[in-house]
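Numbering follows our numbering, with no gaps: position 63 of the sequence shown is 987.
Taking it in order: structure first as structure tokens, then the write-up.
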Amino acid sequence: MTDVTGQITWVYTEKLATAASFYRDVLRLPLVRDAGTALIFETAPGARLGLCEAFDGRVVEPKGSMITLLVADRAAVDDWYARVTAAGATVRGAPEVLERFGIYSFFCEDPNGYQIEVQCFLDEAPQ
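Right under this line is the structure:
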């Protein structure tokens, strides 16, 4: 049994307002905490995405990172794709099946270059 009650993945930015607009207005994630220079958005019950102004050793470094948002099914992936592209976000292509992983997904980027994947599992619900 674990004592973990939630999870936050942090990404950093030099332009908080621009990045916050992406997570709030494009991805439509609800803001659950505003600490001024750090914002926390809910991605699912118990799961959060933190957005913080870069400081000290905390820097903008999207290389090699990816944030994956799980959705219910292919229709939901397609809906997210339509919404994100309509908002003018940078996308890497239309949704596609990735047989290797048994998923259907697409990728976009936040204003800092962090890679965001919206995906569903094809054979079962996420565990």
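Glycine residues also receive a C-beta, built at the ideal position from the N, C-alpha and C atoms.
A direct Cα-Cα distance of roughly 12 Å separates Ala959 from Phe965.
Inter-residue distance for Phe946 and Asp1034 is about 7 Å (C-alpha atoms, whole angstroms).
Pairing Gln931 with Leu1046, the inter-Cα distance amounts to about 25 Å. Proximity to Gln1043 across Phe1031, Gly1037, Asn1036 peaks at Phe1031, based on C-alpha coordinates. The Cβ neighbour count for Leu955, taken over all protein chains shown within 10 Å, is under 16; the residue is labelled exposed.
Excluding the 5 residues flanking it on each side, Gly1037 has same chain C-beta neighbours closer than 6 Å at Pro986, in chain order.
Val983 sits exposed, since fewer than 16 C-beta atoms from the chains shown fall within 10 Å of its C-beta. Around the C-beta of Ala996, fewer than 16 other C-beta atoms lie within 10 Å, and the residue is accordingly described as exposed. CA-to-CA, the gap between Ser1029 and Ala1010 works out to about 17 Å. Short of 7 Å from the beta carbon of Trp934, and not among the five residues preceding or following it, lie these beta carbons of its own chain, in chain order: Gly974, Cys976. Per the coordinates, the alpha-carbon of Ala1018 lies some 7 Å from the alpha-carbon of Tyr1005. Within the same chain, and ignoring the five residues on either side of Ala971 in sequence, the residues whose Cβ sits closer than 6 Å to its Cβ are Gln931. Residue burial is scored here from C-beta neighbours: Val928 has fewer than 16 other C-beta atoms within 10 angstroms and is therefore classed as exposed.
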